[in-house]
Structure formats: structure tokens, C-alpha cells
Amino acid sequence: MKRVLWVAIIGLIVIILGVGLYIGLVKFEWEKPVIKLASDSRYITQNLSFRVEDRKSGIAEIKLEIVQEGRALSILSEKFVKGTAAVEKSVPMLPLPKGLKDGDAQIRITAWDHSWNHGNQVSLEKPVVIDTKPPQLNVLGAQHYINLGGAGLVTYRASKGLAKSGVQVGELFFPGFLIGKDRYLAYFALPYDSQRGTSFAVTGEDHPGNRVKISFRPIIKAKGFKKDQIQISDGFLKNVIPYFTERDANLKGSPVEIFLYLNQKQREIDHQQVKKICQETTPQPLWSGTFLRFPNAKPMASFAQDRTYLHNGKEIDRQTHLGVDLASLGQSPVPAANTGRVAFAGPLGIYGNTVVIDHGSGLFSMYSHLSRIETEAKKEIKRGDILGHSGTTGMAGGDHLHYSMMIHGVFVNPIEWWDEHWIRDNLELKMKLFDAPAHPSPQAQEVQPQKTGQKQTKKTSKR
0 MKRVLWVAII
10 GLIVIILGVG
20 LYIGLVKFEW
30 EKPVIKLASD
40 SRYITQNLSF
50 RVEDRKSGIA
60 EIKLEIVQEG
70 RALSILSEKF
80 VKGTAAVEKS
90 VPMLPLPKGL
100 KDGDAQIRIT
110 AWDHSWNHGN
120 QVSLEKPVVI
130 DTKPPQLNVL
140 GAQHYINLGG
150 AGLVTYRASK
160 GLAKSGVQVG
170 ELFFPGFLIG
180 KDRYLAYFAL
190 PYDSQRGTSF
200 AVTGEDHPGN
210 RVKISFRPII
220 KAKGFKKDQI
230 QISDGFLKNV
240 IPYFTERDAN
250 LKGSPVEIFL
260 YLNQKQREID
270 HQQVKKICQE
280 TTPQPLWSGT
290 FLRFPNAKPM
300 ASFAQDRTYL
310 HNGKEIDRQT
320 HLGVDLASLG
330 QSPVPAANTG
340 RVAFAGPLGI
350 YGNTVVIDHG
360 SGLFSMYSHL
370 SRIETEAKKE
380 IKRGDILGHS
390 GTTGMAGGDH
400 LHYSMMIHGV
410 FVNPIEWWDE
420 HWIRDNLELK
430 MKLFDAPAHP
440 SPQAQEVQPQ
450 KTGQKQTKKT
460 SKR
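Per numbering that gives the first Met the number 0, the sequence shown runs over residues 0 to 462.
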């Protein structure tokens, strides 16, 4: 009898332990939810984004509060069905919810899971700063001038630190750079094919995401660009096409078909690569003075020249020439036009052996069709240093240098940069405005924060 009783007692203990173990391991989950903020910014920005995960019982409830001056303001409270393993939220914070003001505050995110006994609870707290006042920009200089296809410079001061700023030209954005305490500059371009009514504005965005926009209207000097007809002879095709077919076995078709592929699609590929190269730049200007011209060279083709290509008397293509062609003696040494850093050195499609120099703040120069390259990427270059020698690599009909200037990958007229008076009037004098007394800029507009960056409407790119 006693034996039966002991067996019953032991069995009951085992059952109790089993139930307890089940509750402890299954129902009473020990693992808490995990909360992660999407940004480590110390400011309240336009959207407060975060993610909550619980891979076991799932998320039961989430609460978001902003604590300021000892008072907790509920921003979000949401419950979820069992099995919800992950939740991502992006909560609009601007304009500020009623009850909050500029100053110090604290984010508090609390989450519960579906485990037993009201679930596991976890909180994430982070001190932040609420700042809804847009920066003030002081654009220096009363008037700006720019040539169609040319370059310009805007200098400006900011009342506080900027996360991003620059010049908007139509749908193109040209980033600005901090070059000293509260001092910024931005080179910008007016593409050769810009239409009437193109808008111009200086924009700034501070770290909390407040934005300001100041429109300006430069005086635009219209430029007429030359036109040319280029005869594509069978002899030219015989000399040029092998350069490409030897490097790309996939190039198939007649000589004319291969030429058209190179002149159209490969040209666009090359221009996209140039834009990519120009995305990385030294913030500070590296150059000074006028840019050197390829010495003792005759101009063979001008910037933005509209080219019609003829084969056997028939038009087969049209493109725009985005540089200046200069011819000297065969394989003449090619000097760097100004001081900078080599951003690229190597073959570049139709441009053949090419060197691209970063002159700082988004300004670049390009040297193409070189017979050989005598420099390398990342090398520091001084004005006049030899980069290589002129040649016929790529799609060149004779020994010459194709020379281009770019601002953030947008081609501009190189001739301006050879002109001492243009450099002084449009660039150097703008830099001296930093030393003049500050005056507030008119037409300042506060705008909602948004992502900025190099944006461009896709066009058929022509050389």
C-alpha cells in the first residue's frame, strides 16, 4: 500500500514538474522583443523609423512616446495578432505633434510579446533634440552670369551646420561643399541643351531635415554651337573597328553596324562611367589660376558641336561632341591643365586611353585618345605634370587630344577655363565675397525635408 502511495506521489511530482517545465519553456518565454532604430541621428527628423522583432511568440503591442519636460506624449499605440514576428514602422514627426516644442526630448519605444503572464516587456530610450527651425542661407553676390553650356559658381553662408546643400538647375542637383566656418561653395552647370525657363535655386538642409530654398535668376548668355558633317569612309572603319573587336569578341555585324553601336550605345555607357567617376570628389578646391591648354595645338572640333555622320553620302547618325579636339605633333606630351588628383587612368570605350583629374568640389578635366598613359589613379598632380602622350586610341581618326571639363559629371565648355578674365570675374571674385559684410538673402522659402542628390531626367546623351 505504501509502495503504491509513493509511486502515486512521485508520478504527481513528475506531472507537476512537466507542467511547470512546459509553462516555463513554452508559455513563459524568456526571450524579449528586440527594438532597433533605423537612424542613429540625435535629432527628431521627418520620419521616425524603427523595427521590432520577436521570433518566438510574436509581437503583441508597440507604443511610441516622446518625453519632454517630464511629460510623456503618446505618438503611436498598436496591437498585433499572435505570430507577428517583425514590425517596421515609419512614423511622421514633422510637423511636430501638438504638445511638443523645440528643445531636448527623449524617444521611448516599448514592446510586448505574446508570452504567458502579460508577455515580456522591453523599452528603448534615446535622448534627442527637436529642432524645426530651417537654416538661413546668405547667398553672396547680387547677380550671376552663365553661358549656355557653361559653368557657374555660387558662394553662400549658413546660419548653422548643413547636412547637404547645393544648387538645383532644373532637375539637376550640384552639391555644395563646406570650405570653412559657415562658408560653402557650389559649382554648377547649365547643360548645352537646356531649355528656356530652366529654374535655379540654392538649397540647404540641416541635420534635423529642415530645408530652405532660395531661387535666383542668372543672366544667361546664349551660345550658338557649330555644326559639322563627318564622312565615315570604309578606310576609317577598317582602321578603327579592329581596336574594339579585338577587345570585345561579342561585337558582331558589318563595320557600319559596329560603328553605330559604338557611336550610340557605347558612347552612352562611357558617359555613364564618367558620371560615376565624378561622383567622388575632394571637398576643397585643389586648382588655382587658368587651366593650361594643350600647347602648340590646333583646334579641330569645338564643344557641343552638332555632328552629322555620313557613309557613302547617306546620313547614318547624329551626335553632339562634348569636348574640344586639339591636334599637335604626333604623340605630343599632354600636360595636366591644373592641380588635382587622378580620379581615373585607363581605357574608356570610344575615348580610348583616358585620364580624368579631380580638381576638387566636383570639378573634373578629362584627357582622351592618349597613345600611352604616364600616371595612375589617386596620384596627386600639379599643373603642367605630364599625364601621357596624344594618340589615336578609341574612336579617333587621327592623332589628337580630346579634352573635356565636367562639373559632377555634366560636360561644360572647356574654353571658359582657359580664359583668365572669365576665371577672375566668375570664380575668383565670387570667392572674395566671403570677406565682404554679410547681408541676408531675399526669397528664402522653407520647404519640407526631402532626399536630395544628383538627379537627372534621362535623355538621349549626345557628344
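Idealized CB from N, CA, C, for every residue including glycine.
Compute the Euclidean distance between the alpha carbons of residue i and residue j, then round it to the nearest angstrom.
i	j	result
V239	S360	36 Å
W417	C277	21 Å
P190	E267	16 Å
S370	P241	16 Å
G149	M404	10 Å
V409	E415	15 Å
D53	N116	16 Å
I229	H368	18 Å
A188	K132	30 Å
G102	I213	27 Å
L463	F79	Residue 463 is absent from the structure shown; the chain starts at 0 and stops at 462.
S364	S331	18 Å
L236	T244	12 Å
I12	D39	52 Å
P294	Y366	14 Å
R317	L136	43 Å
P413	A37	44 Å
I218	L171	18 Å
A59	D112	5 Å
L99	V86	26 Å
S301	R292	14 Å
P439	R210	The pLDDT assigned to P439 is 48, lower than 50, so where the model puts this residue is not dependable; a value taken from the coordinates is nonetheless given after this. Cα to Cα, P439 sits roughly 16 Å from R210.
R50	R70	24 Å
L177	P282	7 Å
L362	K264	26 Å
G208	V90	15 Å
T374	G288	23 Å
G354	I372	What sits at residue 354 in the sequence shown is Val, not Gly. Distance between the alpha carbons of V354 and I372 is about 8 Å.
D424	G234	47 Å
L400	V411	17 Å
In the structure shown, what three-state DSSP assignment does residue i receive?
i	result
F290	coil
D247	coil
K137	In the sequence under discussion, the amino acid at residue 137 is Asn, which differs from the Lys named in the question. Looking at N137 - three-state DSSP - the assignment turns out to be strand.
M430	helix
L171	strand
R266	helix
I9	helix
D112	strand
Q120	strand
E77	strand
H420	helix
Y191	coil
N46	strand
N425	helix
G98	coil
L184	strand
G348	helix
R371	strand
L236	helix
On the DSSP bridge assignment, give the partners of residue i in chain order.
i	result
I231	DSSP, once it has assigned bridges, lists no residue as partnering I231.
H320	Q304
Q105	V66, P126
M404	S364, V411
T202	G165, K212
P334	I385
N295	Note: N295 sits in no beta bridge, so no partner.
N146	K220
K274	In the DSSP output, where bridge partners are listed per residue, K274 has none listed.
L311	For clarity, residue 311 is Asn in the given sequence; the question names Leu instead. BP columns for N311 are empty, so no partner.
R340	D357, E379
Relative to the alpha-carbon of residue i, which residue among the options has its alpha-carbon at the smallest distance?
i	options	result
H388	V273, A162, A326, F343	A326
E279	P174, R50, L123, K431	P174
K97	I349, I65, S122	I65
E68	Q272, I9, P126, K78	P126
P284	G339, Q265, I129, D205	G339
A185	G160, T154, I213, A200	T154
R491	G57, S56, I106, L72	The first residue shown for the chain is 0 and the last is 462, placing residue 491 beyond what the model contains.
K220	K275, A376, S193	S193
A141	L152, P134, L147	L152
L75	N46, T83, K81	N46
V333	A296, K31, I315	A296
Could you tell me whether any non-hydrogen atom of the ligand SAM is closer than 6 Å to the CB of residue i?
i	result
Y155	Summarising the ligand content, the structure contains no ligands, and the ligand SAM is consequently not present.
Would you please verify whether the beta carbon of residue i is less than 7 Å from any beta carbon of chain D?
i	result
S198	Within the model displayed, chain D is absent; a lone protein chain is all it includes.
**Prompt:** Is the stretch 395-411 touching the stretch 247-261, taking contact as three or more C-beta pairs under 8 Å?
**Reply:** Too few Cβ pairs lie closer than 8 Å, so no.
**Request:** May I ask you to verify whether the stretch 329-346 touches the stretch 308-317, counting CB pairs closer than 8 Å and requiring at least 3?
**Result:** Contact fails: fewer than three Cβ-Cβ distances are below 8 Å.
**Asked** Does the stretch 79-97 touch the stretch 158-168, meaning 3 or more C-beta pairs lie closer than 8 Å?
**Response** The stretch 158-168 makes no contact with the stretch 79-97: fewer than 3 CB pairs, one atom from each, lie closer than 8 Å.
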